[in-house]
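Here the structure comes first, spelled out in structure tokens, and everything after it is commentary.
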Amino acid sequence: MQAIIADQYARLVEDWRCAKLASPDILLEWRVFVWAWLAVSTRCINLGRRENARKGLVGTADRVALAPFLDFLNHNETAQVTVRFDELKRKFVIRTHIAYRKGQEVFISYGPHDNRRMLVDYGFVLAANPYRFLELDSQVDDWVGAAKQTVAGRKQSTVSPADLDQMVELLRSHG
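Using the UniProt record's numbering, the first residue of the sequence shown is number 1, and each one after it goes up by one.
Put into structure tokens, the structure is as follows:
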């Protein structure tokens, strides 16, 4: 969680720096900028990275936009919708795959995020989040080391220490 928050804070500071470079004549207080940044970042949609971002643009190649009324749709991980940005029509399109009755609440999915990401990006957590996970990256090296000692101590084994290294590398290459 600390790494996610540190990453968010680094993005906030970088965006502050870019905003000051882009509009040096507008003196915006840090406190007001933070409020505005949080208001926008918790309500914006990510349109993906620009394929050929031009050099000299302020900020990153990520494209985000505000979509009026979109934040009135609540999250449900089982929402049966297709969400996309239509590049040709320049419209954000949400299509439902099920019928709704008049007055029934329509949901969208904010994506397959664990509760840490949900809290940082959207300000809430889910009691029964199906995307829960336990980050084990910091323990993997210790476990692999112990497994290598165990395997090396056996007279016959179907797995070698080199096999374990390959397995770990494969997992790491897939995040």
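All residues carry an ideal CB built from backbone N, CA and C; glycine is no exception.
Where Y9 falls, given that 16 or more other Cβ within 10 Å makes a residue buried: Along the sequence shown, read from residue 1 onward, the residue named residue 9 stands at position 9. Exposed, since its Cβ has fewer than 16 Cβ neighbours within 10 Å.
Please confirm if the stretch 68-82 is in contact with the stretch 102-115, defined as three or more CB-CB distances below 8 Å between the two stretches. yes
With distances taken Cα to Cα, identify the nearest neighbour of F69 among V93, P161 and P24. Locating residue 69 in the sequence shown gives position 69, counting from the first residue. For the residues V93, P161 and P24, the minimum Cα distance to F69 belongs to V93.
Compare the beta carbon distance of C44 and L12 with 7 Å and say whether it is the shorter of the two. Translated into positions along the sequence shown, residue 44 becomes position 44. Translated into positions along the sequence shown, residue 12 becomes position 12. No, the Cβ-Cβ distance between C44 and L12 is not below 7 Å.
With a CB to CB cut of under 6 Å and the five nearest residues on each side skipped, what residues in its chain are close to N129? In the sequence shown, counting from the first residue as 1, residue 129 sits at position 129. The answer, listed in chain order, is N115.
Every unbroken beta strand (DSSP E) inside the stretch 64-137 [3 residues or more]: 81-86 and 91-96
Which listed residue (L38, W35 and V125) has its alpha carbon closest to that of H75: Position 75 of the sequence shown, counted from the first residue, corresponds to residue 75. Selected option, being the one with the closest Cα: V125.
Thinking just about the alpha-carbon of each residue, which of L73, V40, F72 and D71 is nearest to the one in R63? Taking the sequence shown and counting its residues from 1, the one referred to as residue 63 is at position 63. Answer by Cα proximity: V40.
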